[in-house]
Amino acid sequence: MVRVDGMAGEGSLIHIRGLEKDYRRGGEEIRVLQGLNLDVEKGEFVAFMGPSGSGKTTLLNLLGGLDTPSQGTISVAGDEITHMSAGKLTQWRARHVGFIFQMYNLLPVLTAFQNVELPLLLTKLSKAERKQHVDAALHIVGLADRSHHYPRQLSGGQEQRVAIARAIVADPTFLLCDEPTGDLDRKSADEILDLLTRLCKEHAKTILMVTHDQLAADRAGAILHLNKGVLVEAQSAGGAA
Amino acid sequence: MKYLRLLSVNLFRKKIRTGLTIGSFAIAMLLFGLLVIVRFAFNQGVEVAGADRLIVMNRVTFVEFLPMSYMDRIASIPGIKSITHATWFGGTYQDPKNFFAQFAIDPETWHEVYSEYLVPDAEWKAFLDDRQSAIAGEATAKRFGWKIGDRIPIEGTIFSGHWQFNLVGIYTGARPQDDTAQFWFHYDYLNETLKQRNAGFGVNQAGWYVVKLENPDDAVTVVKKIDQTFANSSAETKTDTEQAFAAAFAKQTGNIELIILVIGAIVFFTLLLVTGNTMAITVRERTAELAILKALGFSDRFILFLVLAESISIALIGGTLGIGVAVALAKLAMAYSNPLASVLPVLYFPANQVVVGIAAAVVVGGLAGLLPALGASQLKVVDALRRI
Numbered sequence: 454m455v456r457v458d459g460m461a462g463e464g465s466l467i468h469i470r471g472l473e474k475d476y477r478r479g480g481e482e483i484r485v486l487q488g489l490n491l492d493v494e495k496g497e498f499v500a501f502m503g504p505s506g507s508g509k510t511t512l513l514n515l516l517g518g519l520d521t522p523s524q525g526t527i528s529v530a531g532d533e534i535t536h537m538s539a540g541k542l543t544q545w546r547a548r549h550v551g552f553i554f555q556m557y558n559l560l561p562v563l564t565a566f567q568n569v570e571l572p573l574l575l576t577k578l579s580k581a582e583r584k585q586h587v588d589a590a591l592h593i594v595g596l597a598d599r600s601h602h603y604p605r606q607l608s609g610g611q612e613q614r615v616a617i618a619r620a621i622v623a624d625p626t627f628l629l630c631d632e633p634t635g636d637l638d639r640k641s642a643d644e645i646l647d648l649l650t651r652l653c654k655e656h657a658k659t660i661l662m663v664t665h666d667q668l669a670a671d672r673a674g675a676i677l678h679l680n681k682g683v684l685v686e687a688q689s690a691g692g693a694a
Numbered sequence: 006m007k008y009l010r011l012l013s014v015n016l017f018r019k020k021i022r023t024g025l026t027i028g029s030f031a032i033a034m035l036l037f038g039l040l041v042i043v044r045f046a047f048n049q050g051v052e053v054a055g056a057d058r059l060i061v062m063n064r065v066t067f068v069e070f071l072p073m074s075y076m077d078r079i080a081s082i083p084g085i086k087s088i089t090h091a092t093w094f095g096g097t098y099q100d101p102k103n104f105f106a107q108f109a110i111d112p113e114t115w116h117e118v119y120s121e122y123l124v125p126d127a128e129w130k131a132f133l134d135d136r137q138s139a140i141a142g143e144a145t146a147k148r149f150g151w152k153i154g155d156r157i158p159i160e161g162t163i164f165s166g167h168w169q170f171n172l173v174g175i176y177t178g179a180r181p182q183d184d185t186a187q188f189w190f191h192y193d194y195l196n197e198t199l200k201q202r203n204a205g206f207g208v209n210q211a212g213w214y215v216v217k218l219e220n221p222d223d224a225v226t227v228v229k230k231i232d233q234t235f236a237n238s239s240a241e242t243k244t245d246t247e248q249a250f251a252a253a254f255a256k257q258t259g260n261i262e263l264i265i266l267v268i269g270a271i272v273f274f275t276l277l278l279v280t281g282n283t284m285a286i287t288v289r290e291r292t293a294e295l296a297i298l299k300a301l302g303f304s305d306r307f308i309l310f311l312v313l314a315e316s317i318s319i320a321l322i323g324g325t326l327g328i329g330v331a332v333a334l335a336k337l338a339m340a341y342s343n344p345l346a347s348v349l350p351v352l353y354f355p356a357n358q359v360v361v362g363i364a365a366a367v368v369v370g371g372l373a374g375l376l377p378a379l380g381a382s383q384l385k386v387v388d389a390l391r392r393i
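In order, the protein sequences belong to chains A and B.
Position one of the first sequence corresponds to residue 454 (this note's numbering), numbered consecutively onward.
Position one of the second sequence corresponds to residue 6 (this note's numbering), numbered consecutively onward.
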């Protein structure tokens, strides 16, 4: 169960306490996140909604170890990441986080197979083992027959599915999705949301998704609203988990 | 190995740009290669000089003769293994532009002192048997299309008149850098002809003596002893190691080393700017992709090496291509027709200079890629992507 009151114990998969993030812009200090608490259990699908500038992306950056908080702590599966060095954080990211971006961000010079293989290059897996994992990931997203296609040869929805395969191929602890359907038409968006829901339900993946799309958010098990850096509401949705 | 694909696809994603940068490197390294060839050609005498050979010449000037009587006196000095002599003839073949080195030599002793020049036994025997015969180096024979049995007319400049020689042999060098552009004929033929002409000039005299030492370590002692022997005579000697002699000869042309160093430095600096600019553009265009790699867990160091590897690969391919062409040109020139034969008879690219050239290209490639690579490695993912 997702909680934002800071009253849950330390057993949750994602455990955030007193999280603050300040930016300095033109001599003025702007507090983007204000004393945020959050607990997410394994296998949950959480959607973050809120207006632009509310701190959604900042929260995802902090959860993904791409940025460091001004105050507070983030623990993921028992690892406190807020005080890790940049090098340790990079290693941690490779092991624990699967990123899915709005613009897919595939490398255009690599095929679908090679794009999905990228995170595995950081592991000690042999070439044959890597192939096995990539094939499995592409099979899950329904693109086994497109493995040798380049991104330019795929539709937007297919590109996003390749990106999802890349995110799950190394079996990360959780997935961070930033507007995963923001650049897709409704049909493709629904397919991607179906896929994310399936990953959560059938593969017990923990998914944290930022979205502006209420229909997308409705697929999540919980919807959290961020407003001016404060998690103001936790609401159960009828979707996954 | 597993990262090679990532390197190669990035390297050739902009084929025209990469091709042009490689081309710039190749042309610059070709220029470097040609400079090396010219430098070596000027210093060729120094490079091939025998460590155990001394040159004895007239103290006044190189073009003054030494009496033939000196030969036995020098030979009797302790530490000397063998001695021979040569005289610069200075003739031309058919056209004044067809200049090359002709030496009147002592066939009986020449071979023993210059063992690096290879002549088939039968040809050497034919040379010994015919006083009007001559042996040409392989390069000169190729240059003029001579073959054994040809009659070679040479127009004398120092020793005027028309001279005819029977070509009985062609010598080669034991090493690729050996000078195979010389032309040898009998000193006796020159000397006796001069006597018949009552020339006075050059009769019973040699241009210089070449001494082979029993032990190269004795060079200083032997040099001193030879020059002391002829001190206060009408023809004092100046003895030097063959290497010092060749170096002094090369210096007469000017400070080739400095010219080459300056041109080389300009070439490399220009390359640094060209490649650095290319890599900076490459990194700027790929900011988002590099950020993605970092987000996926590729370390700052990996990104640094990835960009550096691209820059070094461009340098390596271009450098190898440029130097390869320079080596090929030198070989082609020596195999077919050396356009600089009258000035620089030996065009050769030393193997160690190939390594130096490619290493220099790699260093330039590394330096050119360093700043863009550092910038890429220090890229903040959040800033680069704006949003994850």
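Glycine included, every Cβ here is placed at the ideal spot set by N, Cα and C.
Only counting the same chain, and skipping five residues up and downstream in sequence, which positions put a Cβ closer than 8 Å to that of residue i?
i: V228(B); result: L59, T244, D245 and T246
i: L218(B); result: D57, R58, L59, G84, I85, K86, A224 and V227
i: L679(A); result: F501, M502, G503, S507, G508, K509, L512 and V685
i: F17(B); result: T23
i: L313(B); result: G371, G374, L375 and A378
i: S238(B); result: none
i: Y341(B); result: K147
For residue i, which residues from the same chain have a beta carbon less than 7 Å from its beta carbon, with the 5 sequence-adjacent residues on both sides left out?
i: R78(B); result: T234
i: K681(A); result: S507
i: A240(B); result: N63, L71 and P72
i: T325(B); result: I363
i: P572(A); result: A547, R619, V622 and A623
i: H468(A); result: D492 and S528
i: A112(B); result: Residue identity differs from the one stated: residue 112(B) is Pro in this sequence, not Ala. Excluding sequence neighbours, P112(B) sits near F132, L133 and H191.
What is the residue span of the beta strand (DSSP E) that residue i lies within?
i: R478(A); result: I467 to R478
i: G609(A); result: From DSSP, G609(A) is part of no beta strand (DSSP E) but of the alpha helix (DSSP H) over G609 to I621.
i: H116(B); result: Not the beta strand (DSSP E): H116(B) falls in the alpha helix (DSSP H), residues P112 to V118.
i: G370(B); result: That residue, G370(B), is in no beta strand (DSSP E); its alpha helix (DSSP H) goes A356 to S382.
i: D492(A); result: E481 to V493
i: I140(B); result: S138 to G142
i: W168(B); result: G166 to G178
i: N63(B); result: R58 to N63
i: W4(B); result: For residue 4(B) there is no data in the structure shown, the boundaries of chain B being 6 and 393.
Residue i touches chain B at which residues, Cβ-Cβ below 7 Å?
i: P504(A); result: What P504(A) touches in chain B: nothing, since even the nearest Cβ is about 15 Å away.
i: L519(A); result: A300, V386, V387 and I393
Sorted by chain position, which residues of the same chain lie with C-beta nearer than 6 Å to residue i's C-beta, five sequence neighbours on each side aside?
i: L661(A); result: V499 and L629
i: I393(B); result: Its pLDDT being 38, under 50, I393(B) is placed unreliably in this model, and the coordinates cannot settle the point.
i: A590(A); result: V569, A618, I621 and V622
i: T97(B); result: N103, F104 and E160
i: A642(A); result: T634
i: L390(B); result: A296
i: V330(B); result: L35
By the DSSP assignment, the alpha helix (DSSP H) with residue i in it spans what residues?
i: G339(B); result: One detail in the question is off: residue 339(B) reads as Met in this sequence, not Gly. Per DSSP, M339(B) belongs to the alpha helix (DSSP H) from D305 to A340.
i: I157(B); result: Here I157(B) belongs to no alpha helix (DSSP H); instead the beta strand (DSSP E) covers R156 to G161.
i: F190(B); result: No alpha helix (DSSP H) contains F190(B), which is instead part of the beta strand (DSSP E) from F188 to H191.
i: F132(B); result: D126 to D134
i: W93(B); result: Element bounds for W93(B): not the alpha helix (DSSP H) but the beta strand (DSSP E), I85 to W93.
i: T280(B); result: I261 to E290
i: G540(A); result: A539 to H549
Could you work out which residues of chain B lie near residue i, taking near to mean beta carbons separated by less than 9 Å?
i: F552(A); result: I297, A300, L301 and I393
i: T659(A); result: None at all; the shortest Cβ gap to chain B is about 16 Å.
i: Q544(A); result: G302 and S304
i: G540(A); result: S304, D305 and R306
What residues of chain B sit near residue i, judged by a beta carbon separation below 8 Å?
i: L575(A); result: L301, G302 and F303
Between residue i and residue j, which are expected to be in contact by the criterion C-beta below 8 Å, what is the C-beta distance as a whole number of angstroms?
i: V386(B); j: A300(B); result: 5 Å
i: G609(A); j: L637(A); result: 5 Å
i: I88(B); j: Y214(B); result: 6 Å
Show which residues of chain A have a CB atom less than 9 Å away from the CB atom of residue i.
i: E315(B); result: Correct list: empty, because the minimum Cβ distance to chain A is about 12 Å.
What residues from chain A crowd round residue i, counting only those whose CB sits closer than 7 Å?
i: V14(B); result: V562 and L563
i: K7(B); result: L574
i: A293(B); result: N558
Inset, instruction - Specify whether the region 626-638 of chain A and the region 546-564 of chain A touch according to this definition: at least 3 beta carbon pairs, one from each stretch, less than 8 Å apart. - result: yes
Legend entry - Stretch pair the region 456-468 of chain A + the region 490-505 of chain A: three plus CB contacts closer than 8 Å: yes
Inset, instruction - Decide if the region 525-535 of chain A is in contact with the region 579-588 of chain A; the criterion is three or more beta carbon pairs, one per stretch, under 8 Å apart. - result: no
Legend entry - Cβ contact (3+ pairs, closer than 8 Å) linking the region 297-312 of chain B and the region 369-383 of chain B: yes
Inset, instruction - Check whether the region 19-33 of chain B touches the region 276-295 of chain B, taking contact to mean three or more Cβ pairs, one atom from each stretch, closer than 8 Å. - result: yes
Legend entry - Given 8 Å, three or more beta-carbon pairs between the region 355-368 of chain B and the region 190-204 of chain B: no
Legend entry - Contact the region 166-180 of chain B vs the region 123-132 of chain B: 3+ CB pairs below 8 Å: yes
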